[in-house]
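If you're matching positions, the sequence shown starts at 2 in this note's numbering and goes up one per residue.
Backbone N, C-alpha and C define an ideal beta-carbon position, used for all residues, glycine too.
Predicted, not measured: the structure shown is a model, and the values here were computed from it.
Read through the structure below, which is laid out as structure tokens, and then see the notes.
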Amino acid sequence: MYQVESLEYRIIYYALCALAFAWENDDSGAIEIAQIHGVPVSEVHQTLEALYTDNPDPDAV
């Protein structure tokens, strides 16, 4: 677990946000993950969103 102030946390947080933004335009990656895990694509999108919305924004701390 990384501290919110750490470089690693910031990189992971921004990478999750960037991935969510990229999947808004082309969700082929989300489709692939959904197929691998046998879940609906919507669940992949919801899980990704939860990863960055359930954790503090490093710029807001």
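With burial defined as no fewer than 16 other Cβ atoms inside 10 Å of the residue's Cβ, what is the status of residue i: buried or exposed?
{"i": "Val64", "result": "Lying before the first or after the last residue shown, residue 64 is absent from the chain, which here runs from 2 to 62."}
{"i": "Tyr1", "result": "Outside the displayed range of the chain (2 to 62) lies residue 1, so it cannot be described from this structure."}
{"i": "Ala31", "result": "buried"}
In whole angstroms, give me the CA-to-CA distance for residue i and residue j.
{"i": "Glu44", "j": "Ala35", "result": "8 Å"}
{"i": "Asp28", "j": "Ala21", "result": "9 Å"}
{"i": "Leu52", "j": "Tyr3", "result": "14 Å"}
Consult DSSP for residue i and reduce its assignment to one of helix, strand or coil.
{"i": "Gln36", "result": "helix"}
{"i": "Glu25", "result": "helix"}
{"i": "Val42", "result": "helix"}
{"i": "Ala61", "result": "coil"}
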